[in-house]
Amino acid sequence: MRKVETNKAPAAIGPYSQGIIVNNMFYSSGQIPLTPEGELAGSSVEEQAHQVFRNIQGVLEEAGASLETVVKTTLFIKNMDDFGTINEIYAQYFSEHKPARSCVEVARLPKDVLLEMEVIALVK
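Those letters in the sequence shown? Residues 0 to 123, per numbering that gives the first Met the number 0, in order.
Next up, the structure:
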């Protein structure tokens, strides 16, 4: 098992790592729309979704994986009314490759953000 840490995504805000590699699989912690410096990346769902993807790309890169090797994503969203907008942004990052996905509406997320995403990916 190997812990993944990068300054291309915000540091964990609790007693956990940004991700873990086990054998040839990477498991990310949930990424919320904080910049690597820890600041909230805008108030709109669009701004926040793009930041979540930047963070995911940062931890994937550090793990030796990429969006193209993601096998499963889990999205947690504050409001299911944002589902369409989030899907449009999601499709910009996963256009040809479409991993398995779950999407769950939740009552509240850390820092009161609008979405959080975690991924499982194959390490190259």
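Each residue gets a CB set at the ideal place from its N, CA and C atoms; glycine is no exception. These numbers come from a predicted model, not from an experiment.
In this structure, residue 76 and residue 114 form a Cβ contact; the two beta carbons are roughly 5 Å apart against a cut-off of 8 Å.
CA-to-CA, the gap between residue 83 and residue 89 works out to about 10 Å. Judged by DSSP secondary structure, residue 25 falls within the beta strand (DSSP E) whose first and last residues are 24 to 27. In summary, residue 105 is exposed, with fewer than 16 beta-carbon neighbours lying within 10 Å of its beta-carbon over all protein chains present.
Within the same chain, 20, 23, 24, 25, 62, 63, 64 and 68 come within 8 Å of residue 122 by CB-CB distance, once the 5 residues on both sides are set aside.
Relative to residue 116, the option among 51, 34 and 0 whose CA is nearest is 51. Non-local beta-carbon contacts of residue 44 in its own chain, meaning distances under 6 Å to residues more than five positions away in sequence, involve 81, 84 and 113 in chain order. A direct Cα-Cα distance of roughly 32 Å separates residue 78 from residue 2. Setting aside the 5 residues that flank it on each side, residue 29 is surrounded in the same chain by 115 and 117, each with a C-beta closer than 6 Å to its C-beta; the list follows chain order. Per DSSP, the beta bridge partners of residue 71 are 99 and 119. Within the same chain, 101 and 117 come within 6 Å of residue 73 by CB-CB distance, once the 5 residues on both sides are set aside. Counting only the Cα atoms, residue 6 lies some 13 Å from residue 18. Residue 49 and residue 56 have their C-alpha atoms some 11 Å from each other.
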